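Undergrad: My numbering numbers the first residue of the sequence shown as 1442 and each following residue consecutively. Sending over a structure as structure tokens; questions will come in a sec.
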Amino acid sequence: MSVVQEQQRPASYIIGPWTFKTPGNELVHADGHRLKLEDKIANLLETLCVQRGAIVSKEQLIDQVWQGRELSEQTIPVAISKLRKALGDDINNPTMLATVPRQGYQLLEGRTNVKTNPRAIFGLSFAQAAVALLIAASLSLIWIIGTNKESVDRIQLTNSEKPGVIVTINDVRTTDDEKDKIPLAIAISEMSSYYLSQVPDILVIRHWWNLDAPDPTGGIFTRYGPTTPVYSLKGTLIKDGADDVVSFILSDPKNDEIIWSGMHPVSAGSLGLFPLFKSMLVRLQISPVKASYAPDETINYWRARYFMQLSNPGAARIAADELTTLLNAEKSSPASYASAKALAARWKDNPDLAEQIALLSKRLDQISDEQDPAQNHFALVDKASTFLFDLSDTKSAIVLLEAALEQAPGDHYALSLLGEAKLMRGDTEAAIAAYEKAFRLAPYAKAYGARLTKLKSKP
């Protein structure tokens, strides 16, 4: 028996382009295709239909749909998400089903001519969507971006403490049978961050996600307020026949609603990845950036960038090994040469890295100076690092770093180097400010936290 007594049940309700036929728990689209709903999802929809236009609280839903049973925190949001996906509604611009923060849910009264096919999710084939959603359910893939855009300023990271939209990114995961692909997953994670850090309208935070904490976002809402739009972006590397594919999912952490999903064939490289993220930004009504494509497409390069940006000797050793491998290849890229030069400059005086840096420097001496014509923000940062640590030219380094941050406001490594440059000039306060921003962007980089502690302990 549904939530409405059988003898009082209307035979159907009109919801946008759908006709909801209550006796069979069936949605019939205006274009003729049909969709069978789970009993619980059908009961949920019927409850909302009966109270159409009113805000239905979670307590009411528990009482009317789940007969007062005790539920987990995520039961209702997950059910709402399933219903929204069945209807093909847009959480950011709902025409049928709206989430009212801290109050409940509302079936909207208006009708629409939208002809959304529920067998497609944001342009994916049914098979791809099924894979993406299956991974989302089984691995709890959550990627953050909020939806409240009231009183939001464009974020300018170099001079603003209040972000417009926050996106948190964790490293791409691998499934149990793909553990040997962890290096590839790290490379794709770093390439993803490279693109998104160039978007001025969002604050990109790496690895800030603790599901066991009272605030699983690691204090984002505490710091920036509960109305700050926050999204979580996560991905999983899977096998699709003979190909490696990354399934990306963007969701709202407040209710686990999936906002966007996409599939990236790894073989497509940045030429496939960056346009995919552009579609995500369009979905969020954020203007995509005209970012240059990857300065180097090799796994070694992106792993080297990941580890060199951790800013500790152990990670630098791994980065040096990766870059040495690249420089020993038949043809290395100007980007790998510039990164190797920057890494050697920064760690040349560290005794624990003497052997690795010596090998790297020897190989650099054997290669003619390769200039990167792209002048992307990585090239600017690497050049700044060379000025800073090889030549002690803080003025030139700061100019280059500020130019890099103009291109990529979310580049935490550039901010950390800016902190070092300011410190060399005797401006400890500015150095602390730069490192604080860097640490907020990359809380996983423990070297930033250690550096901050040391700087703040100085008299």
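Using N, Cα and C, we set each Cβ at its ideal position, and we do this for glycine too. In this text the structure is predicted, and so the values were computed from the model without any measurement.
Any idea if residue 1799 is buried or exposed, counting beta-carbon neighbours within 10 angstroms, 16 or more meaning buried?
TA: Along the sequence shown, read from residue 1 onward, the residue named residue 1799 stands at position 358. Classification of residue 1799: exposed, given that the 10 Å Cβ count is below 16.
Undergrad: Counting only runs that start and end within the segment 1779–1860, where is the alpha helix (DSSP H) found for 4 or more residues in a row?
TA: Fully enclosed alpha helix (DSSP H) runs of 4 or longer: 1795–1806, 1818–1831 and 1835–1848.
Undergrad: For residue 1685, is the classification buried or exposed, using 16 other Cβ atoms within 10 angstroms of its Cβ as the cut-off for buried?
TA: Within the sequence shown, the letter at position 244 stands for residue 1685. Buried: at least 16 other Cβ atoms inside 10 Å.
Undergrad: If distances are taken between C-alpha atoms only, which option among 1611, 1691 and 1727 comes closest to residue 1641?
TA: Position 200 of the sequence shown, counted from the first residue, corresponds to residue 1641. For residue 1641, the nearest C-alpha among the options comes from 1727.
Undergrad: Please report the distance separating the alpha-carbon of residue 1841 from that of residue 1824.
TA: Along the sequence shown, read from residue 1 onward, the residue named residue 1841 stands at position 400. Along the sequence shown, read from residue 1 onward, the residue named residue 1824 stands at position 383. Cα-Cα distance, rounded: 8 Å.
Undergrad: Between 1626, 1711, 1713 and 1720, which lies nearest to residue 1691 when the distance is taken from Cα to Cα?
TA: The residue labelled residue 1691 in the question sits at position 250 within the sequence shown. Considering only alpha carbons, the answer is 1720.
Undergrad: Which residue marks the beginning of the alpha helix (DSSP H) containing residue 1721, and which one marks its end?
TA: Position 280 of the sequence shown holds residue 1721. Unbroken alpha helix (DSSP H) run through residue 1721: 1710–1724.
Undergrad: Quick one: using the 10 Å Cβ neighbour count with 16 as the cut-off for buried, is residue 1473 buried or exposed?
TA: Within the sequence shown, residue 1473 is the residue found at index 32, counting from 1. Exposed.
Undergrad: Who does residue 1461 pair with in a DSSP beta bridge?
TA: Residue 1461 sits at position 20 when you count from the first residue of the sequence shown. Beta-bridge pairing links residue 1461 to 1454 and 1468.
Undergrad: In this structure, does DSSP put residue 1546 in helix, strand or coil?
TA: On the sequence shown, residue 1546 is found 105 positions in, with the first residue counted as 1. Residue 1546 falls in the strand class under three-state DSSP.
Undergrad: Give the DSSP-derived three-state secondary structure of residue 1898 in the structure shown.
TA: Taking the sequence shown and counting its residues from 1, one reaches residue 1898 at position 457. In the structure shown, residue 1898 sits in a helix (DSSP, three-state: H, G or I).
Undergrad: When you compare only the Cα positions, how much space is there between residue 1869 and residue 1860?
TA: Along the sequence shown, read from residue 1 onward, the residue named residue 1869 stands at position 428. Along the sequence shown, read from residue 1 onward, the residue named residue 1860 stands at position 419. Those two C-alpha atoms are separated by around 8 Å.
Undergrad: I'd like to check one pair, residue 1858 with residue 1826: are the Cβ atoms closer than 8 Å?
TA: Here residue 1826 refers to the residue found at position 385 when the sequence shown is read from its first residue. Here residue 1858 refers to the residue found at position 417 when the sequence shown is read from its first residue. Going by C-beta atoms, residue 1826 is nearer than 8 Å to residue 1858.
Undergrad: So, for residue 1829: in the same chain, excluding its five sequence neighbours on each side, which residues have a beta-carbon less than 6 Å away from its beta-carbon?
TA: Counting from 1 along the sequence shown, the entry for residue 1829 is found at position 388. The residues are 1838 and 1862.
Undergrad: Write down the C-beta distance between residue 1887 and residue 1856 rounded to the nearest angstrom, noting that I regard them as a contact closer than 8 Å.
TA: For the purposes of this step, residue 1887 is taken as residue 446 along the sequence shown, with counting starting at 1. For the purposes of this step, residue 1856 is taken as residue 415 along the sequence shown, with counting starting at 1. Wrong, their Cβ atoms sit about 16 Å apart, outside the cutoff.
Undergrad: I need the boundaries of the beta strand (DSSP E) containing residue 1647, first residue and last residue.
TA: By one-based count along the sequence shown, residue 1647 stands at place 206. That run of the beta strand (DSSP E) goes 1643–1647.
Undergrad: Exposed or buried, which one is residue 1712 when buried takes at least 16 other CB atoms within 10 Å?
TA: The sequence position of residue 1712 within the sequence shown is 271, counting from 1. Residue 1712 comes out exposed.
Undergrad: Measure the C-alpha to C-alpha separation of residue 1499 and residue 1485 and round it to an integer number of angstroms.
TA: Taking the first residue of the sequence shown as 1, we reach residue 1499 at position 58. Taking the first residue of the sequence shown as 1, we reach residue 1485 at position 44. Straight-line Cα distance between these residues: approximately 11 Å.
Undergrad: In or out: residue 1529 buried (at least 16 other Cβ within 10 Å) or exposed?
TA: Locating residue 1529 in the sequence shown gives position 88, where the first residue counts as 1. Residue 1529 is buried by the Cβ-count criterion.
Undergrad: Bridge partners for residue 1497 per DSSP, in chain order?
TA: Position 56 of the sequence shown, counting from 1, holds the residue named residue 1497. In DSSP, residue 1497 forms a bridge with 1546.
Undergrad: For residue 1739, name the three-state secondary structure that DSSP assigns.
TA: Position 298 of the sequence shown, counting from 1, holds the residue named residue 1739. In the structure shown, residue 1739 sits in coil (DSSP, three-state: anything other than H, G, I, E or B).
Undergrad: Let me know if residue 1534 comes out buried or exposed under the rule of 16 or more other beta-carbons within 10 Å of its beta-carbon.
TA: Residue mapping note: residue 1534 aligns to position 93 of the sequence shown, counting from 1. Residue 1534 is exposed by the Cβ-count criterion.
Undergrad: I'd like the ranges of any alpha helix (DSSP H) spanning at least 4 consecutive residues and lying wholly in the segment 1668–1712.
TA: DSSP runs (the alpha helix (DSSP H)) wholly in the segment 1668–1712: none.
Undergrad: Distance, Cα to Cα, residue 1510 vs residue 1504?
TA: The count along the sequence shown starts at 1 and reaches residue 1510 at position 69. The count along the sequence shown starts at 1 and reaches residue 1504 at position 63. Going from the Cα of residue 1510 to the Cα of residue 1504 covers about 8 Å.
Undergrad: What residue from 1882, 1876, 1883 and 1885 has the CA that sits closest to residue 1894's CA?
TA: As a working mapping, residue 1894 is identified with position 453 in the sequence shown. Nearest option by C-alpha distance: 1876.
Undergrad: Grab me the residues of residue 1865's own chain with a C-beta within less than 8 Å of its C-beta, minus the 5 sequence neighbours each way, in chain order.
TA: Here residue 1865 is taken as the residue at index 424 of the sequence shown, counted from 1. Hits under 8 Å: 1829, 1833 and 1835.
Undergrad: For a quick check, are the C-beta atoms of residue 1745 and residue 1760 less than 8 Å apart?
TA: One-based indexing of the sequence shown puts residue 1745 at position 304. One-based indexing of the sequence shown puts residue 1760 at position 319. Going by C-beta atoms, residue 1745 is nearer than 8 Å to residue 1760.
Undergrad: Who are the near neighbours of residue 1544 in its chain, counting only those whose CB is closer than 6 Å to its CB and skipping five residues on each side?
TA: Start at 1 with the first residue of the sequence shown, and residue 1544 comes out as number 103. 1496, listed in sequence order.
Undergrad: At the level of alpha carbons, what is the spacing between residue 1546 and residue 1483?
TA: By 1-based counting over the sequence shown, the position of residue 1546 is 105. By 1-based counting over the sequence shown, the position of residue 1483 is 42. Going by the C-alpha atoms only, they are around 15 Å apart.
Undergrad: Take residue 1890 and list the residues in its own chain whose beta-carbon comes closer than 7 Å to its own, dropping the five residues that flank it on each side.
TA: Position 449 of the sequence shown holds residue 1890. Excluding sequence neighbours, residue 1890 sits near 1880.
Undergrad: Keeping to the same chain, check which residues put their C-beta closer than 8 Å to that of residue 1618; ignore five residues upstream and five downstream.
TA: In the sequence shown, residue 1618 corresponds to position 177, counting from 1. Here the set comprises 1680.
Undergrad: For the segment 1790–1798 against the segment 1767–1781, are there 3 or more C-beta pairs whose distance is under 8 Å?
TA: As far as the Cβ criterion goes, the segment 1790–1798 does not touch the segment 1767–1781, which means the pair count is below three.
Undergrad: Who pairs with residue 1758 in a beta bridge, going by DSSP?
TA: Within the sequence shown, the letter at position 317 stands for residue 1758. Beta-bridge pairing links residue 1758 to no other residue.
Undergrad: Excluding five sequence neighbours on each side, which residues of the same chain lie with their C-beta closer than 6 Å to the C-beta of residue 1783?
TA: By one-based count along the sequence shown, residue 1783 stands at place 342. For residue 1783, where only same-chain residues beyond five positions count, the Cβ hits under 6 Å are 1823, 1826 and 1827.
Undergrad: Can you grab the Cα-Cα spacing for the pair residue 1506 / residue 1717, in whole Å?
TA: Within the sequence shown, residue 1506 is the residue found at index 65, counting from 1. Within the sequence shown, residue 1717 is the residue found at index 276, counting from 1. Roughly 38 Å separates the two Cα atoms.
Undergrad: Near residue 1461, which residues of its chain fall below 7 Å by C-beta distance, leaving aside the five closest residues on each side in sequence?
TA: Here residue 1461 refers to the residue found at position 20 when the sequence shown is read from its first residue. Same-chain partners within the cutoff: 1453, 1454, 1468, 1486 and 1490.
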